[in-house]
Amino acid sequence: MKTDDDLVFRALADPTRRHLLDRLYERDRRTLTELESELEMTRFGVMKHLRLLEEAGLVVTRREGRQKLHFLNPVPIRLIHDRWIDKYTERQVSALANLKSSLEETA
Amino acid sequence: MTTMTAQTTQVYSVFIRATPEQVWDAITKPEFTMRYFYGSELESTFEQGASYKQWAPEREKLWVEGEVLESDRPRRLAHSWRSLFDEDSANEEPSRVTWEIEPQEGGVTKLTVVHDQLESSPKTAASVAGGWSYVLSGLKTLLETGEPLESA
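So the protein sequences, as listed, match chains A and B.
Residue numbers for the first sequence follow this note's numbering, beginning at 734 and rising by one.
Residue numbers for the second sequence follow this note's numbering, beginning at 456 and rising by one.
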C-alpha cells in the first residue's frame with residue numbers, strides 16, 4: 734500500500750511537477766488554462782501532472798462559480814519536513830546553535 | 456530566487472486519521488489548541504455571532520481576535536480573524552478563516568482551512584502563510600499520536 738509520503742515523494746520526483754509547484758507558489762488560485770499557457774506541454778500533459786500533484790495533496794482544487802481553481806497546499810511538504818528533515822538535521826543545528834552561543838558568551 | 460506575493464486566498468488541507476468530532480474538538484477546545492497552535496488558548500462559545508479569541512500562553516497578550524460567522528459542528532466553522540500578534544497587521548481589515556471538515560473512507564477525515572478576504576490585509580496574509588502549515592501538521596500529529604510535535 735502506498736503511504737501519503739510515497740505519493741508526495743513520487744509527485745516531487747519530476748521536474749515538470751516541481752516547476753508547476755513553483756508557478757503556483759508565485760501565484761495560485763489559477764485555472765488549468767492559465768497554467769497550461771506557461772508550459773510547453775499539451776493540455777492533457779498538464780492535466781496528468783496536476784492530477785498526480787492533487788493525489789499527493791500538494792495541489793487542492795476548489796470551484797468558484799464555473800471555474801475550477803488550483804491552489805498550492807504546502808501542508809504535505811511541512812509533514813515531510815517534520816517527519817524527515819527535522820530528524821536528521823536537528824543534532825547538527827543544535828550543535829551550531831551551541832557553538833554560536835558559546836562564542837557569543839566569550840566575545 | 457522567486458519571491459512570493461502573499462496570496463489573498465490561502466488553502467491548506469490535511470488528511471487526519473480521526474473522526475470529524477475529534478477534529479472539531481481539536482480545533483475548538485483550548486486544551487488541544489495549547490498543544491499545537493503556538494501554545495495559544497482559545498476562548499469562544501462557537502455560537503454564531505460569539506467572539507473568537509486566541510490568547511498567548513498565560514494570557515499575556517491577545518494574539519487573534521474575531522467573531523464566529525458560521526458554526527455547524529462537526530462540519531464547518533468560519534470566523535473572522537485579526538492578527539494582533541504583530542502591530543502592523545493589527546491595524547489591517549479583518550480577514551476570514553473557514554474550517555471545513557469532511558469524513559472520507561477508512562476512518563480518515565479531510566480538514567481544509569481557507570484563509571481568505573485578505574485583499575486589504577497584505578501583512579496579515581504574509582504573516583500567516585507559513586504558520587498554517589505548521590499548525591495543521593501539529594494538529595495531525597497530535598490527533599494521530601496523542602503527542603504534540605517536539606518543539607524546535
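We put the CB at the ideal spot given by N, CA and C, even for glycine.
Under 9 angstroms between C-beta atoms of residue i and residue j
i	j	result
residue 757 of chain A	residue 768 of chain A	yes
residue 594 of chain B	residue 481 of chain B	yes
residue 809 of chain A	residue 789 of chain A	yes
residue 507 of chain B	residue 495 of chain B	no
residue 596 of chain B	residue 819 of chain A	no
residue 805 of chain A	residue 772 of chain A	no
residue 802 of chain A	residue 763 of chain A	yes
residue 583 of chain B	residue 509 of chain B	no
residue 579 of chain B	residue 544 of chain B	yes
residue 520 of chain B	residue 497 of chain B	no
residue 811 of chain A	residue 588 of chain B	yes
residue 461 of chain B	residue 558 of chain B	no
residue 503 of chain B	residue 523 of chain B	yes
residue 525 of chain B	residue 537 of chain B	no
residue 590 of chain B	residue 468 of chain B	no
residue 782 of chain A	residue 760 of chain A	no
residue 493 of chain B	residue 586 of chain B	yes
residue 483 of chain B	residue 470 of chain B	no
residue 793 of chain A	residue 787 of chain A	yes
residue 738 of chain A	residue 817 of chain A	yes
Start and end residues, beta strand (DSSP E) containing residue i
i	result
residue 570 of chain B	564-571
residue 465 of chain B	465-471
residue 803 of chain A	800-805
Enclosing alpha helix (DSSP H) for residue i [first to last residue]
i	result
residue 586 of chain B	586-600
residue 476 of chain B	475-483
residue 755 of chain A	748-759
residue 776 of chain A	776-788
residue 527 of chain B	Taken as a continuous stretch (DSSP letters only), residue 527 of chain B belongs to no alpha helix (DSSP H), being part of the beta strand (DSSP E) at 517-527.
residue 544 of chain B	542-545
residue 498 of chain B	That residue, residue 498 of chain B, is in no alpha helix (DSSP H); its beta strand (DSSP E) goes 496-498.
Distance cut-off 8 angstroms: residue i Cβ against heavy atoms of the ligand MN
i	result
residue 773 of chain A	With respect to the ligand MN, the structure shown offers nothing to examine, as it has no ligands at all.
Below-9 angstroms beta-carbon distance, residue i vs any chain B residue
i	result
residue 772 of chain A	no
residue 807 of chain A	yes
residue 762 of chain A	yes
residue 752 of chain A	no
residue 779 of chain A	no
residue 795 of chain A	yes
residue 738 of chain A	no
Minimum Cβ-Cβ distance from residue i to chain A less than 9 angstroms
i	result
residue 595 of chain B	yes
residue 589 of chain B	yes
residue 569 of chain B	yes
residue 457 of chain B	With a pLDDT of 47 at residue 457 of chain B, under the threshold of 50, the predicted position of this residue should be treated as unreliable, and no value is reported.
residue 600 of chain B	no
residue 607 of chain B	Its pLDDT being 39, under 50, residue 607 of chain B is placed unreliably in this model, and the value from its coordinates should be taken loosely. With 9 angstroms as the cut-off, residue 607 of chain B counts as an interface residue toward chain A.
Proximal chain B residues relative to residue i, where beta-carbon distance stays under 7 angstroms
i	result
residue 741 of chain A	What residue 741 of chain A touches in chain B: nothing, since even the nearest Cβ is about 12 angstroms away.
Interface partners of residue i on chain B, CB under 8 angstroms
i	result
residue 790 of chain A	468, 469, 470
Within chain A, the residues that residue i reaches when beta carbons sit closer than 7 angstroms
i	result
residue 592 of chain B	808, 811, 812, 815
residue 691 of chain B	Limits of chain B in this structure are 456 at one end and 607 at the other, which puts residue 691 of chain B out of reach.
CB contact check: residue i to chain C, cutoff 9 angstroms
i	result
residue 790 of chain A	Protein chains in the displayed structure are A and B, and chain C is not among them.
Are the stretch 523-532 of chain B and the stretch 553-567 of chain B in contact at 8 angstroms, needing three or more beta carbon pairs?
-> yes
(Q) Under 8 angstroms, with one C-beta from each stretch per pair, do the stretch 460-479 of chain B and the stretch 562-579 of chain B reach the 3-pair mark? (A) yes
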